[in-house]
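*Asks:* Quick note: the sequence shown uses numbering that gives the first Met the number 0, first residue 0, plus one each step. We treat Cβ as the ideally placed atom computed from N, Cα and C, and that holds for glycine. One structure is given below, represented as structure tokens, and several questions about it will come after.
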Amino acid sequence: MRRHLIPACVLIVLGSLFLLDNLGFSTFDVGHLIATWWPVFLILAGVNLLLKRASGDAANCRN
Numbered sequence: 000m001r002r003h004l005i006p007a008c009v010l011i012v013l014g015s016l017f018l019l020d021n022l023g024f025s026t027f028d029v030g031h032l033i034a035t036w037w038p039v040f041l042i043l044a045g046v047n048l049l050l051k052r053a054s055g056d057a058a059n060c061r062n
């Protein structure tokens, strides 16, 4: 259950940012922010996959 917590929080934050931007309450351009930083999300996803794989291999060696 805990592994679903981070993606859920990310979706809530992104949705809130888009809503605030559409309603005119934000002082920054969400589209520009995402267009600039999208490669970071790919890098973090790759690191996450590597860490999960490494911890899974270590767990299998102990059994």
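Is the CB-CB distance between Ser25 and Leu16 below 8 Å?
*Replies:* Result yes, Cβ atoms of Ser25 and Leu16 sit closer than 8 Å.
*Asks:* I need the DSSP call for Phe17, collapsed to helix, strand or coil.
*Replies:* The answer is helix: DSSP assigns Phe17 an H, G or I state.
*Asks:* How is Gly23 classed by DSSP in three states: helix, strand or coil?
*Replies:* Gly23: coil per DSSP, three-state reduction.
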